[in-house]
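Following: one structure in C-alpha cells, then a few remarks.
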Amino acid sequence: MRMLFILAPLALALAGGASAQPIGENPPTRTIQCIDVGGQSIPPLCRVPASRLDPREDICTCPAGGQRVEVAVCAKGQTPPPEGKALNIARRQALHDGSLLGDTVAGRPICVAPRTP
15 MRMLFILAPL ALALAGGASA QPIGENPPTR TIQCIDVGGQ SIPPLCRVPA SRLDPREDIC
75 TCPAGGQRVE VAVCAKGQTP PPEGKALNIA RRQALHDGSL LGDTVAGRPI CVAPRTP
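Using our numbering, read the sequence shown as starting at 15 and increasing by one per residue.
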C-alpha cells in the first residue's frame, strides 16, 4: 500500500507529458499530428471535451500508426500549406526532433486548421 502512494505522483507526472495542448491556452496554439515514415499525415484520435465552445483537446494518440509530432494551430487568417511532396518531405525531416513548431515549407509556416466543434 505504501508503494502505491510513492508511485502515484510518478505516474501522474508521466501522464502529464502525454497531453495534447497546454491547459491554459484557449484557443489552443498547438496540437498533435501523427506522421507516417514517408511524411504522410495519419488522423490522430483525440479526446475532447463535450462542449461546442471549448476547442481544446485533452490527449491525442496515434492508434493507426505513425509518430506523435507537435504542430502549430493556424492563426486567424492563416491557412495550412497544401498537401504534397514538399510538405511530406518537411514532415519526414521533422520526425527527428518530434516537432513541427516553427517549421516552414515553401516559405509558409506548417500548421493545421483549428478544430471546429
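Cβ atoms here follow ideal geometry from the backbone N, Cα and C, with glycine treated the same way.
Checklist line | Span of the beta strand (DSSP E), counted from its first residue to its last, around Gln81 | finding: Position 67 of the sequence shown, counting from 1, holds the residue named residue 81. Gln81 to Val87 is the span of the beta strand (DSSP E), which, as asked, contains Gln81.
Margin query: Our contact map puts Arg105 next to Gly53 with C-beta atoms below 8 Å; I'd like the distance itself, whole angstroms only.
Written below: The count along the sequence shown starts at 1 and reaches residue 105 at position 91. The count along the sequence shown starts at 1 and reaches residue 53 at position 39. About 4 Å separates the two Cβ atoms, so the contact holds.
Note to self: Give me the residue from Pro77, Leu67, Asp50 and Val51 with the minimum Cα distance to Cys60.
What the structure shows: The sequence position of residue 60 within the sequence shown is 46, counting from 1. When only C-alpha atoms are compared, the closest one is Pro77.
Margin query: According to DSSP, is Leu59 part of a helix, a strand, or is it coil?
Written below: Position 45 of the sequence shown holds residue 59. In the three-state reduction of the DSSP assignment, Leu59 falls in the strand class, which pools E and B.
Next item on the list: State the DSSP-derived secondary structure class of Gln47, mapped to helix, strand or coil.
Entry: Translated into the one-based positions of the sequence shown, residue 47 becomes position 33. The answer is strand: DSSP assigns Gln47 an E or B state.
Item checked: Endpoints, the alpha helix (DSSP H) within which Ile124 is located -> Against the sequence shown, residue 124 aligns to sequence position 110. It is not in any alpha helix (DSSP H) - Ile124 carries neither H nor E in the DSSP assignment.
Next item on the list: Would you list the residues sitting across from Thr118 in a DSSP beta bridge?
Entry: Translated into the one-based positions of the sequence shown, residue 118 becomes position 104. Answer by DSSP bridge pairing, in chain order: Pro123.
Next item on the list: Could you say which of Val83, Ile73, Ala100 and Cys125 lies nearest to Asp50 if we only look at CA atoms?
Entry: Taking the first residue of the sequence shown as 1, we reach residue 50 at position 36. Closest by alpha carbon: Val83.
Notebook entry, point to check: Ile73 to Pro95, Cα distance in whole Å?
Noted result: As a position in the sequence shown, residue 73 is number 59, starting the count at 1. As a position in the sequence shown, residue 95 is number 81, starting the count at 1. Using only the alpha carbons, I get a separation of about 24 Å.
Notebook entry, point to check: What are the residues that DSSP puts in a beta bridge with Ser65?
Noted result: Numbered from its first residue, the sequence shown carries residue 65 at position 51. Looking at the DSSP assignment, Ser65 forms no beta bridge with any residue, so it has no partner.
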